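Using the UniProt record's numbering, the letters of the sequence shown correspond one by one to residues 1 to 126. For reference, the structure discussed in these notes is given below.
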Amino acid sequence: MHAWPASEVPALPGQGRDLRIHDTATGGLITSAPGPVARIYVCGITPYDATHIGHAATYNAFDLVQRVWLDTKRQVHYVQNVTDVDDPLLERAERDGVDWVELAERETTLFREDMTALRMLPRVST
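Structural data, given as structure tokens:
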């Protein structure tokens, strides 16, 4: 998947604090990405219909994680897919009488436009 255009992220002085997450094994807080490189995989959309608030909430959460990591001067490897073949996509294409590839491409383009409008960072490798 081609990412959407990146919005400008201002450089902040200093360095941000590490993002910590709850470790269910110990019950404590741990650094989310120990070391200089942070890696994340985020499952992408199944592009059969318009982007909705659930998509926006999901990608906003991971956008914030990515921004925190960048602020802590980590190298970020962010991977995101698009599930282009799935039952909802095929069912919608058949219902609307369109080719499933065209439907997937159209909805993926709309998704990228929505992410750009919301100023979400695209997947990056810094």
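Every residue gets a Cβ at the ideal spot worked out from N, C-alpha and C, and that includes glycine. A quick note: this is a predicted structure, and the numbers were derived from the prediction, not measured.
Review point. Can you name, in chain order, every residue of its own chain whose Cβ lies under 7 Å from the Cβ of E107, other than the five neighbours on each side?
Key: P47, Y48 and D49
Review point. Which partner residues does I30 have in the DSSP bridge list?
Key: I21
**Study point:** E105 to G28 span [Cα, whole Å]
**Key:** 43 Å
Check your understanding: Count the other CB atoms within 10 Å of the CB of Y59; is the residue buried (16 or more) or exposed (fewer)?
Key -> buried
Review point. L12: buried (16+ other C-beta within 10 angstroms of its C-beta) or exposed?
Key: exposed
Exercise for review: For my contact list, V65 and G16 are in at a C-beta cut-off of 8 Å; report their separation, rounded to the angstrom.
Suggested key: Contact doesn't hold; Cβ gap of about 12 Å is too wide.
Review point. Taking C-alpha atoms, which residue in P36, V79, E94 and L90 lies nearest to F62?
Key: V79
Review point. Which residue from D96, A57 and D18 puts its Cα closest to that of D71?
Key: D18
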